[in-house]
């Protein structure tokens, strides 16, 4: 007998997942903005300004070249080099493209870093508030 989607049973671990404090803070900031308060909401990483024109132009140019397939896992070499050049020498540290990784967001990159460097039973100290998924 086929199981229907409505018969889906959630994993027990989901009962432990609470709403992220950052989501609560961001919602409170949105509410204050709706009330007319001048609020800068840095909670969820969503800027309160539009994408800059040069970024829009670069995206459009990329699409018109049909350069729309998955990039190399570490990111396109020219982008990695541009990031290395931008940050090279800051803080007295030399940067190279070989040490730059481009990702689709910090949450996934932090997860990968944790999976690569933390073992079960290791202690990890994190400052609150943080995304629930970091826990």
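In our numbering, the protein residues as written are 232 to 366. Think of the CB as a built atom: it goes at the ideal place given N, C-alpha and C, for glycine as much as any other residue.
Could you check which residue in 259, 302 and 323 has the C-alpha nearest to that of residue 267?
Comparing Cα positions, the closest option is 259.
Mind checking if residue 345 is an interface residue toward chain B, Cβ cutoff 8 Å exclusive?
Chain labels in this structure do not include chain B; a single protein chain is all it has.
Going straight from the alpha carbon of residue 321 to that of residue 328, what length do you get?
Distance between the alpha carbons of residue 321 and residue 328 is about 15 Å.
If you draw a straight line from the C-alpha of residue 286 to the C-alpha of residue 292, how long is it?
Distance between the alpha carbons of residue 286 and residue 292 is about 10 Å.
Since residue 287 is in the alpha helix (DSSP H), which residue starts that stretch and which ends it?
Here the alpha helix (DSSP H) through residue 287 covers 284-295.
Can you give the beta carbon distance from residue 326 to residue 319, rounded, assuming they're within the 8 Å contact cut?
Confirmed, about 4 Å.
If I measure Cβ to Cβ from residue 240 and keep anything under 7 Å in the same chain, skipping five residues before and after, which residues do I get?
Closer than 7 Å at Cβ, skipping near neighbours: no residue.
With a 10 Å radius around its C-beta and 16 neighbouring C-beta atoms as the bar for buried, classify residue 331 as buried or exposed.
Under this definition residue 331 is a buried residue.
Taking just the CA atoms, how far does residue 305 sit from residue 342?
Rounded to the nearest angstrom, the two C-alpha atoms are 15 Å apart.
Looking at the secondary structure, which residues open and close the alpha helix (DSSP H) in which residue 244 lies?
No alpha helix (DSSP H) contains residue 244, which DSSP labels as neither H nor E.
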